[in-house]
Structures are given as structure tokens and as C-alpha cells.
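Working notes for the structure below.
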Amino acid sequence: ATDIDGPSLTYSLVTTGAAAHGTVTITNASTGAYSYTPDANYNGPASFTFKANDGTLDSNTATISITVTAGNDAP
Numbered sequence: 485a486t487d488i489d490g491p492s493l494t495y496s497l498v499t500t501g502a503a504a505h506g507t508v509t510i511t512n513a514s515t516g517a518y519s520y521t522p523d524a525n526y527n528g529p530a531s532f533t534f535k536a537n538d539g540t541l542d543s544n545t546a547t548i549s550i551t552v553t554a555g556n557d558a559p
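Here the sequence shown stands for residues 485 to 559, where the numbers follow the numbering used here.
Here you go:
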């Protein structure tokens with residue numbers, strides 16, 4: 485995303501670490517890259533909410549929805 489006024493945007497979570505069915509971390513605040521770790525043995529829909537800031541104002545919040553697929557468990 486870009487800001488029409490030109491300043492760089494910084495992304496953050498609305499509730500730090502909180503995500504439906506797991507935890508999330510912003511790994512690069514300037515690009516919005518993130519890492520999501522699902523709860524143990526969870527698969528299905530998950531989501532978290534973030535916002536951007538241009539140094540002056542916060543954006544509206546937005547929600548990212550993902551699908552966690554089942555993994556193979558060790559025998």
C-alpha cells in the first residue's frame with residue numbers, strides 16, 4: 485500500500501500476537517510481512533486484524549483471512 489502524501493507506512497497488529505486459532509507476528513513493519521503460527525493440531529480458517537500508520541494517522545483496520553491446512557503428524 486502507499487500513502488498519497490508520500491510518507492512511508494508502518495504496519496502493526498491491532499492486538500499484538502492475537503490471531504484466531506494461533507499467534508501472528510509482523511516480521512517487517514515497512515512491508516507488512518507477517519508470520520502466523522497455528523495452535524497445535526489446528527487446521528481450518530484463521531484471521532487477524534492489522535492497521536497501517538503514516539507517522540501521523542492510523543488507517544482503518546483490515547482483517548487478513550487465511551486457511552491452515554492439515555499437516556502430517558509423526559508416527
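Positions of the beta carbon are idealized from the N, C-alpha and C atoms, including for glycine. Please read these numbers as outputs of a predicted model, since none were measured by experiment.
What's the gap between the Cα of residue i and the Cα of residue j?
i    : j    : result
S543 : T515 : 15 Å
I548 : A517 : 12 Å
Under the three-state reduction of DSSP, which class applies to residue i: helix, strand or coil?
i    : result
D542 : strand
N525 : coil
G555 : coil
Quick one, which of the options has its alpha-carbon nearest residue i's?
i    : options                   : result
S496 : G506, T511, A504 and H505 : T511
S492 : F534, T509, V552 and L541 : L541
T551 : A558, G506, P559 and A536 : G506
D557 : T509, T499, D538 and N527 : N527
G539 : G555, P522, A554 and A513 : A513
Taking the CB atoms as reference points, tell me whether residue i and residue j lie closer together than 9 Å.
i    : j    : result
A503 : A524 : no
Y520 : F532 : yes
L494 : A546 : Looking at the sequence provided, one finds Thr at residue 494 rather than Leu. Result no, Cβ atoms of T494 and A546 do not sit closer than 9 Å.
Any beta-carbon of chain B closer than 9 Å to the one on residue i?
i    : result
G528 : No chain B is part of this structure, which consists of one protein chain only.
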